[in-house]
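Visitor: Protein chains in written order, with numbering that gives the first Met the number 0: chain A, 0 to 266; chain B, 0 to 803. Cβ coordinates follow ideal geometry from the N, Cα and C atoms, glycine included. Sharing a structure, written as structure tokens. Questions coming.
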Amino acid sequence: MSEPVRICTLQIDGKPVSVPEGTTILEAGRKAGIEIPTLCHHPALEPYGVCRVCIVEVKKGRRVRVVTACNFPVEGDGLEVSTNSERIQKDRRTVIELLLARCFSSPVIREFAARFGVFDTDLQKTEGEECLLCGLCVNVCRDLIGQAAIGFESRGADRKTAVPFGRPNEDCIGCGACVYVCPTGCIKMEDLPGERMIDRWMSLMPFFKCRKCGKAFGSVRQLELLKNRQPLVRTYLELCPECRAMDLGEALLGPTVAKKAAYQDAV
Amino acid sequence: MNRAALEQILERYQRNPQQIIAILHELQDQERYLPEEDLLCLAKELRIPASQLFQISTFYKAFSLKPRGKHQCHVCMGTACHVRGAALILEEVERKLGIKSGETTPDLEFSLDRVNCLGACALAPIVVADGEYYGNMSAPSVGRMLRQVREGKAQKPRKGARPKAEGAPPETSLAQKVIPFFSSPAELSRYRAELVASHNPNLPCLAVCRGTGCSAMGSGDLYLSLKEIIEGNNLGDKVRLNFTGCHGLCEKGPLMVVFPQEIFYASVRPQDAEEILTKVLEKSEPVERLLYREPGSTEKIVHESEVPFFKRQKRLLIGNNRLINPESIDDYLRIGGYSALPKALFEMTPEQVIAEVQKAGLRGRGGGGFPAGLKWETCRNAHGKIRYVIINADEGDPGAFMDRSVLEGNPHSVLEGQIIAAYAIAYGVSPAQGYIYVRHEYPLALKFFTHAVEQARACGLLGKNILGKQGFDFDVQISQGGGAFVCGESSALMASIEGKPGEPRAKYVHTVHKGIHNQPSNLNNVETYANVRLIINRGAGWYNSMGTENSKGTKIFSLVGKINRTGLVEVPMGITLREIVYEIGGGIPNNKKFKAVQTGGPSGGCLPESLLHLPVDFDELTKVGSMMGSGGMIVMDEDTCMVDVARYFLNFLLEESCGKCTPCREGVKQILGILNRVCEGQGREGDLARLVDLGNAVQDSSLCALGGSAANPLLTTIKYFEDEYVAHIRHKRCPAGVCKALIEYSIDPEKCTGCKACVKLCPRSGISGDLKKPHWLDKQQCIKCGICFEICKFDAVVRRSVGV
């Protein structure tokens with residue numbers, strides 16, 4: 000038998016809000032109408048807490064600390080959260096400045112930094128880097144898609160996203176989820192005639208062609224995987240979405256259309 | 000590797016994916032690297048995604064995906080070695096081999112790597128090549144060392160520095176002894192009584208130290224020499240020989256003590272064996288030339304307890320090292336080991352054990368200082384199906400080797416504490432499972448502790464219904480590291496035990512609630528567990544009468560660096576820094592001036608002379624911006640550049656950062672970038688303020704304590720040695736004469752005798768001069784390698800930092 004979830008009251012920037020115990024400060028903030036900035040956060044994934052943009056100051060009793068809002072769980076009552084104190088403003092700007100120095104080549108990061116008044120930095124800039132190591136691509140591939148085709152390599156300043164051994168990897172099914180979640184767009188997917196290419200992972204794979212109209216609509220690997228994972232009728236996955244819809248439509252409406260035609264003939 | 004061999008390795012570890020690090024070590028030991036096809040095969044067999052195995056192989060620095068050289072050369076870059084000149088030594092090795100650290104020579108003969116602290120700081124600076132230790136290195140001696148490595152020849156004994164295989168101590172033939180199984184405390188007591196009765200305390204016993212420092216200096220050979228003579232002359236019933244844990248005064252190794260008189264011999268060589276034995280058997284006076292003598296005094300000290308180094312210590316934890324052979328459970332039992340365990344199991348409830356530990360005031364010895372009793376209580380009360388009791392033996396602070404010495408010298412003392420903790424935390428609540436996580440750089444600690452676990456299992460101290468306590472089942476699994484300092488952090492350590500890359504996670508939900516496999520996990524340091532049996536045996540009241548108000552008991556320190564007596568020191572909390580450095584450590588060698596004492600490793604700070612009066616405990620040093628830490632204490636003198644020290648620590652942290660979070664990965668890198676600029680004479684006004692700002696942001700916003708404390712070495716050196724920063728930035732001057740870009744070498748013609756020693760060794764042939772004529776150093780050629788400075792016996796080479 001599970002215990003009922005406690006409701007906790009806290010204050011965010013002076014605004015009181017009540018949330019179930021275990022809710023993160025980020026979620027509590029949204030409930031209170033306060034939007035805390037994030038970069039590595041995605042609603043479909045567990046918080047990773049690495050970009051450190053969402054830092055806030057929390058006070059309970061006499062203890063004050065700086066924590067990330069995306070994964071700090073609210074427990075008990077009396078938590079006082081400050082999302083924009085002087086200390087946080089200073090720290091957050093430095094974090095963003097550090098990101099800017101790394102990803103100065105990324106227009107997305109430059110624009111993001113500009114929102115916080117950070118337009119340039121005297122820190123050493125890296126050339127040609129657009130990946131901020133938010134981990135969204137790695138996490139979505141492992142946790143949502145279940146393929147774990149990509150991961151990290153090395154550690155520290157050498158940490159980077161990678162395919163194992165720098166070779167094309169059959170675990171990549173070309174679904175494009177990584178492309179979709181990447182905040183800077185540094186993962187590029189190109190649909191070439193007959194093939195899908197994700198350059199960053201050296202993925203190159205043939206398309207599956209619709210049995211009816213011949214249009215390419217997904218990678219062979221992706222469809223094979225779906226076939227194995229889902230108890231779907233084989234034929235369902237061999238038609239492109241449009242032909243599939245028509246097929247279904249005919250199957251559902253077919254008798255009615257036939258009846259109507261027969262009726263009209265009769266009339 | 001062929002499939003069959005791979006299968007064998009997999010079988011040895013029961014195909015357990017959690018043991019991936021150990022499996023990879025075995026693969027690499029045999030293949031000299033990790034071949035891609037073997038890794039892909041392992042991924043399949045262990046059902047680990049290839050991407051995860053790839054990350055593990057590249058995350059842990061012990062592993063290499065490229066073939067390594069026939070000879071593996073590791074230059075220790077620990078703090079003590081750094082302060083004694085390791086950086087210039089590494090440069091010379093790089094120059095001679097033609098490769099940079101981390102690379103392998105094209106002919107696959109040599110691989111070169113840095114390693115962060117081998118724990119043999121008495122021999123600093125050290126290079127380990129092919130398992131052999133080359134201590135007291137200097138840039139000029141690199142050539143000779145490499146020659147010997149190539150030829151596989153052992154170096155002739157020289158100033159006590161002698162290469163010795165670390166992982167191959169002589170066979171002490173204890174493995175054959177059968178230990179009885181104890182199904183009750185009574186049986187254990189009876190056995191112990193037999194051991195005590197059959198032990199003749201008046202029989203002379205020679206205790207030779209087998210600690211790392213002494214082993215590296217050749218104590219193994221000394222032991223063998225003594226053994227040969229004893230066995231060869233059938234003297235086994237007249238004199239006992241023991242090969243014991245670390246005695247502590249590593250500077251003077253190889254050490255030995257002759258019982259029962261406790262005659263203390265220092266710097267003993269294998270050839271002294273005969274004389275020592277003769278004197279012992281004749282019951283005549285000690286061998287005078289081997290007796291300890293204080294520097295600057297002619298008086299010989301006979302007894303160990305009178306040696307100033309030992310006099311002021313309170314060696315509750317490491318004092319027993321010299322009485323026992325770490326491979327012998329009998330030795331441990333005889334001196335009273337495993338008396339606390341039956342007392343806890345049969346005379347106390349788990350709650351009473353916790354209360355006792357709380358009353359004693361035991362705080363974690365790994366650096367955090369968290370109250371152990373409170374941690375145990377929280378773990379016991381947490382929600383979970385199983386409780387994990389873990390020993391953190393990932394001692395990574397460079398210059399710290401306390402845990403190593405305890406594990407290698409008295410492994411059962413740690414195991415006993417762990418078993419008692421398991422009882423307190425889990426008995427009556429849930430099953431418990433023990434782990435120890437040992438860093439890869441400590442193969443001997445791993446070996447001895449594993450052996451201790453096997454012995455304990457064999458005699459019923461581990462397993463089911465321990466000592467007859469119904470329902471108390473506990474056993475310990477051994478887990479190894481792969482060369483990652485960050486794995487000392489609790490959540491990273493547990494991830495590593497689970498077979499994942501050692502990346503920390505947010506600790507808003509603490510590991511004591513959700514640790515390994517999201518179950519309640521109690522993690523304590525080696526030394527913390529070693530204290531437990533003392534508290535149970537002698538009571539909390541006795542224990543908390545030692546130390547200060549909030550820091551009870553004793554603390555082990557590794558006293559290293561610019562200090563006369565390098566070694567392992569155990570003192571009551573509250574002793575002053577001054578007492579440790581001067582009374583116990585004997586002050587600074589070569590009449591140099593004290594500058595700073597560094598404690599707390601990369602999370603700690605440097606304190607100046609004006610603060611030497613401070614008592615050492617958990618809180619006093621923290622108040623002034625440093626911290627006591629795990630016990631590494633590095634002494635620095637006038638020749639140490641404090642800006643360089645900050646740079647050293649930030650560089651260490653950058654190498655060891657997991658790289659997950661922005662502030663640590665990018666912030667430490669940028670701070671290091673500025674420090675490098677400053678040390679190269681490119682400092683700018685505003686750099687100091689920038690460093691402080693960056694330091695504060697990294698401190699505030701990092702994900703774990705590695706980043707969270709990364710700014711400490713920087714901020715404390717700025718606080719207490721700001722003048723050195725100003726000198727570097729504003730005046731382009733390095734007062735200590737360390738930062739290459741800011742110093743220059745020249746030869747004083749008045750002092751030069753024209754011996755040509757420097758001429759021969761200069762890597763750039765930049766010194767010219769005839770025999771018996773003053774030499775001349777070409778500043779244009781000079782690469783500031785420091786070799787001429789080291790080699791000159793006449794102080795004719797001058798090193799200055801002029802500045803602007």
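Please return the same chain residues whose Cβ sits closer than 8 Å to the Cβ of A:R92, not counting the five positions on each side in sequence.
Guide: Along the first sequence, one-based indexing puts residue 92 of chain A at 93. F115, G116 and V117, listed in sequence order.
Visitor: Round the Cβ separation of B:K594 and B:E637 to the nearest angstrom and send it over; I've been treating them as touching at under 8 Å.
Guide: If you number the second sequence from 1, residue 594 of chain B lands on position 595. If you number the second sequence from 1, residue 637 of chain B lands on position 638. The pair is a contact, with the Cβ atoms about 6 Å apart (cut-off 8 Å).
Visitor: So, with DSSP's three-state summary, where would you put B:C605?
Guide: Translated into positions along the second sequence, residue 605 of chain B becomes position 606. Correct three-state label for B:C605: strand.
Visitor: What residue range does the beta strand (DSSP E) around B:D636 cover?
Guide: Indexing the second sequence from 1 puts residue 636 of chain B at position 637. Residues G631 to D636.
Visitor: Tell whether a beta-carbon distance below 8 Å holds between B:H516 and B:A381.
Guide: Against the second sequence, residue 516 of chain B aligns to sequence position 517. Against the second sequence, residue 381 of chain B aligns to sequence position 382. Cβ distance not < 8 Å, so B:H516 and B:A381 don't count as in contact.
Visitor: What are the start and end residues of the alpha helix (DSSP H) that includes A:V57?
Guide: Residue mapping note: residue 57 of chain A aligns to position 58 of the first sequence, counting from 1. Note, A:V57: premise wrong, no alpha helix (DSSP H); beta strand (DSSP E) at I54 to K59.
Visitor: So, using beta-carbon positions, are B:G318 and B:G566 closer together than 8 Å?
Guide: Within the second sequence, the letter at position 319 stands for residue 318 of chain B. Within the second sequence, the letter at position 567 stands for residue 566 of chain B. Going by C-beta atoms, B:G318 is not nearer than 8 Å to B:G566.
Visitor: When you compare the region 346-365 of chain B with the region 546-562 of chain B, are there three or more beta-carbon pairs, one atom per stretch, that lie closer than 8 Å?
Guide: Touching, yes, given that three or more Cβ pairs across the two stretches are closer than 8 Å.
Visitor: Once DSSP output is grouped into helix, strand and coil, what is the label at B:V207?
Guide: Taking the second sequence and counting its residues from 1, one reaches residue 207 of chain B at position 208. Of the three classes helix, strand and coil, the one that applies to B:V207 here is strand, per DSSP.
Visitor: Indicate whether the contact test is met: 3 or more Cβ pairs, each with one atom in the region 221-237 of chain B and one in the region 187-200 of chain B, closer than 8 Å.
Guide: Judged by Cβ distances under 8 Å, the region 221-237 of chain B makes no contact with the region 187-200 of chain B, as fewer than three pairs qualify.
Visitor: Measure the Cβ-Cβ separation of B:E261 and B:S304 and say whether it is below 8 Å.
Guide: In the second sequence, residue 261 of chain B corresponds to position 262, counting from 1. In the second sequence, residue 304 of chain B corresponds to position 305, counting from 1. Contact flag set, yes.
Visitor: Short of 6 Å in beta carbon distance, which residues of its chain neighbour A:G48, apart from the five on each side in sequence? Order them along the chain.
Guide: As a first step, residue 48 of chain A is located in the first sequence; it is residue number 49 there, counting from the start. Closer than 6 Å at the Cβ level, and outside the excluded window around A:G48, lie T67, C69 and N70.
Visitor: By the DSSP assignment, the alpha helix (DSSP H) with B:R438 in it spans what residues?
Guide: Mapped onto the second sequence, residue 438 of chain B falls at position 439. Careful: B:R438 lies outside any alpha helix (DSSP H) and carries neither H nor E.
Visitor: Whose C-beta lies closer than 6 Å to the C-beta of B:F854 among residues of the same chain, with five residues either side of it excluded?
Guide: Look at the range of chain B in this structure, 0 to 803, and you will see that residue 854 of chain B is not part of it.
Visitor: For the region 392-423 of chain B, list every residue whose C-beta sits within 9 Å of some C-beta in chain A, in sequence order.
Guide: Of all residues in the region 392-423 of chain B, none has a Cβ within less than 9 Å of some Cβ in chain A.
Visitor: Taking the alpha-carbon of A:E45 as reference, which of A:V162, A:D142, A:R210 and A:L247 has the nearest alpha-carbon?
Guide: Position 46 of the first sequence, counting from 1, holds the residue named residue 45 of chain A. For the residues A:V162, A:D142, A:R210 and A:L247, the minimum Cα distance to A:E45 belongs to A:D142.
Visitor: How do the region 315-333 of chain B and the region 279-294 of chain B stand: do at least 3 beta-carbon pairs fall below 8 Å, yes or no?
Guide: They do not touch, by the three-pair rule.
Visitor: Establish whether the CB of A:G60 and some CB of chain B are separated by less than 8 Å.
Guide: Along the first sequence, one-based indexing puts residue 60 of chain A at 61. False, the Cβ-Cβ gap to chain B never drops below 8 Å.
Visitor: My output table needs one value for B:C75: the three-state DSSP class, helix, strand or coil.
Guide: The residue given as residue 75 of chain B occupies position 76 in the second sequence. Strand, per DSSP.
Visitor: Given that a residue counts as buried once 16 or more other Cβ atoms are within 10 Å of its Cβ, and exposed if not, what is B:A3?
Guide: Here residue 3 of chain B corresponds to residue number 4 of the second sequence, with the count starting at 1. B:A3 should be labelled exposed.
Visitor: Since B:W375 sits in a beta bridge, which residues does DSSP pair it with?
Guide: Translated into the one-based positions of the second sequence, residue 375 of chain B becomes position 376. The partner list for B:W375 (beta bridge, DSSP) is empty, contrary to what the question assumes.
Visitor: Take B:K750 and list the residues in its own chain whose beta-carbon comes closer than 8 Å to its own, dropping the five residues that flank it on each side.
Guide: Numbered from 1 along the second sequence, position 751 holds the residue referred to as residue 750 of chain B. Cβ neighbours of B:K750 beyond the five flanking positions: F793, D794 and A795.
Visitor: Please check if any C-beta of chain B sits within less than 8 Å of the C-beta of A:L25.
Guide: For the purposes of this step, residue 25 of chain A is taken as residue 26 along the first sequence, with counting starting at 1. Closer than 8 Å: no.
Visitor: Among residues of its own chain, excluding the 5 on either side of A:C174, which ones have a beta-carbon nearer than 7 Å to its beta-carbon?
Guide: Locating residue 174 of chain A in the first sequence gives position 175, counting from the first residue. Closer than 7 Å at the Cβ level, and outside the excluded window around A:C174, lie I144 and Q221.
Visitor: May I have the straight-line CA-CA distance separating B:L87 from B:H81, to the nearest angstrom?
Guide: Counting from 1 along the second sequence, the entry for residue 87 of chain B is found at position 88. Counting from 1 along the second sequence, the entry for residue 81 of chain B is found at position 82. One C-alpha to the other measures close to 9 Å.
Visitor: Given that A:V49 touches chain B, what residues does it touch there, using C-beta distances under 8 Å?
Guide: Walking along the first sequence from the start, residue 49 of chain A turns up at place 50. By Cβ distance, chain B contributes K659, C660, T661 and L702.
Visitor: Applying the criterion that 16 or more other CB atoms from any shown protein chain within 10 Å of the CB defines a buried residue, is A:W200 buried or exposed?
Guide: Reading the first sequence from its first residue, position 201 is the one you call residue 200 of chain A. Result: buried.
Visitor: Under three-state DSSP, which class holds B:I515?
Guide: Within the second sequence, residue 515 of chain B is the residue found at index 516, counting from 1. In this structure, B:I515 counts as helix in the three-state DSSP scheme.
Visitor: Please report the straight-line C-alpha distance between B:D616 and B:L315, rounded to a whole angstrom.
Guide: The residue labelled residue 616 of chain B in the question sits at position 617 within the second sequence. The residue labelled residue 315 of chain B in the question sits at position 316 within the second sequence. Spanning the two alpha carbons is a distance of roughly 17 Å.
Visitor: What in chain B is Cβ-close to A:G155, meaning under 8 Å?
Guide: As a working mapping, residue 155 of chain A is identified with position 156 in the first sequence. Within chain B, the residues near A:G155 are L653, E654, E655, S656, C657, G658 and R664.
Visitor: Using a Cβ-Cβ cut-off of less than 7 Å, give me the residues of the region 64-75 of chain A that come near chain B, in sequence order.
Guide: Against chain B - using a Cβ distance shorter than 7 Å - the residues of the region 64-75 of chain A are V65, V66, T67, N70, F71 and P72.
Visitor: Taking B:G113 as part of the beta strand (DSSP E), name the residues at either end of that continuous run.
Guide: The residue you call residue 113 of chain B lines up with position 114 of the second sequence. The amino acid at residue 113 of chain B is misidentified as Gly; the sequence shows Arg. Residues F109 to V114.
Visitor: Report the residues of the region 164-183 of chain A with a CB closer than 8 Å to any CB of chain B, ordered along the chain.
Guide: Result list: F164, N168 and D170.
Visitor: With a floor of 3 residues, list each beta strand (DSSP E) that falls wholly inside the region 513-574 of chain B, ordered by position along the chain.
Guide: Runs found: 520-524, 553-560 and 566-571.
Visitor: Can you name, in chain order, every residue of its own chain whose Cβ lies under 7 Å from the Cβ of B:P156, other than the five neighbours on each side?
Guide: Translated into positions along the second sequence, residue 156 of chain B becomes position 157. Legend: pLDDT at B:P156 = 39, less than 50; position of this residue unreliable, no value from coordinates given.
Visitor: Return yes when the Cβ of B:L533 is within less than 8 Å of the Cβ of B:Y821, no when it is not.
Guide: Nothing about residue 821 of chain B can be reported from this structure: the residues present for chain B run from 0 to 803 only.
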